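Student: Residue numbers (the working numbering): 243 to 398.
Note that CB positions come from ideal geometry on N, CA and C, so glycine has one too.
Model, not experiment: these values are computed from the prediction.
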Ligand SMILES: [Zn+2]
């Protein structure tokens with residue numbers, strides 16, 4: 243059985259920064275985001291279970307490291323997507339955990355590449371690879387498309 247290893251937040255955070263991620267906050271949780279180069283409205287978001295409390299970062303080292311693919315809409319709000327990814331348990335050496343975290347981030351980045359390749363919805367938002375459904379749910383809105391299309395980034 244591999245041994246539990248809490249891994250200090252600083253180690254995870256500097257590995258993510260070296261990989262080009264930018265620190266951000268989701269509520270009180272510290273998250274690290276990396277925009278997809280094909281479609282900057284899609285980002286890999288890594289959750290290291292670190293929270294901001296009393297102005298400093300507190301590690302809650304028991305939880306698994308998670309990652310998700312998030313979509314930033316034309317108003318600048320970040321939305322989760324329905325895609326699910328595996329978690330990185332804090333077992334084994336620090337080096338191995340950091341390596342698995344970066345592997346997970348690459349997996350999410352590849353998923354973003356695949357979505358970017360599908361091409362945008364006519365409203366400008368990205369679409370899911372499998373169902374081709376719009377991530378902005380524009381079909382649900384009465385006054386859909388048009389109004390907020392202009393500032394949507396286009397797929398390269
Ligand atoms: Zn749409």
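Where do the ends of the beta strand (DSSP E) carrying residue 319 lie?
Tutor: That residue, residue 319, is in no beta strand (DSSP E); it is neither H nor E in DSSP.
Student: Could you work out which residue in 264, 280, 279 is closest to residue 273 when comparing CA atoms only?
Tutor: It is 264.
Student: For the alpha helix (DSSP H) that residue 346 lies in, which residues bound it at each end?
Tutor: Where residue 346 is concerned, the enclosing alpha helix (DSSP H) stretches over 336 to 360.
Student: One question on the structure: do residue 300 and residue 351 come within less than 7 Å of each other, judged by their Cβ atoms?
Tutor: Cβ distance not < 7 Å, so residue 300 and residue 351 don't count as in contact.
Student: Could you please go through the chain and list the residues whose beta-carbon is closer than 6 Å to any non-hydrogen atom of ligand 1?
Tutor: Residues flagged by the Cβ proximity filter: 363, 365, 367, 376, 378, 380.
Student: Give every residue of the same chain whose Cβ lies closer than 8 Å to the Cβ of residue 360, excluding the five residues on either side of it in the sequence, and list them in chain order.
Tutor: Excluding positions up to five away in sequence, the list reads 368, 369, 370, 371, 374.
Student: Given residue 328, which residues of its chain have a CB within under 7 Å of its CB, disregarding the five upstream and five downstream residues?
Tutor: The answer, listed in chain order, is 346.
Student: Verify whether the separation of the beta carbon atoms of residue 289 and residue 308 is less than 7 Å.
Tutor: Yes, these two residues count as a Cβ contact at 7 Å.
Student: Just verifying my parser: in three-state terms, what is the DSSP assignment at residue 249?
Tutor: Residue 249: coil per DSSP, three-state reduction.
Student: How would you label residue 354, buried or exposed, when you count the other beta carbons within 10 angstroms and need 16 or more for buried?
Tutor: The residue is buried, with at least 16 neighbouring Cβ atoms inside 10 Å.
Student: Residue 312 and residue 320 look like a contact to me (Cβ under 8 Å); what is the Cβ gap, rounded to whole Å?
Tutor: Between residue 320 and residue 312 the Cβ distance is about 5 Å, and since that is below 8 Å, they are a contact.
Student: Compare the Cα-Cα distances from residue 362 to each of 337, 284, 383 and report the closest residue.
Tutor: The option with the nearest alpha carbon to residue 362 is 284.
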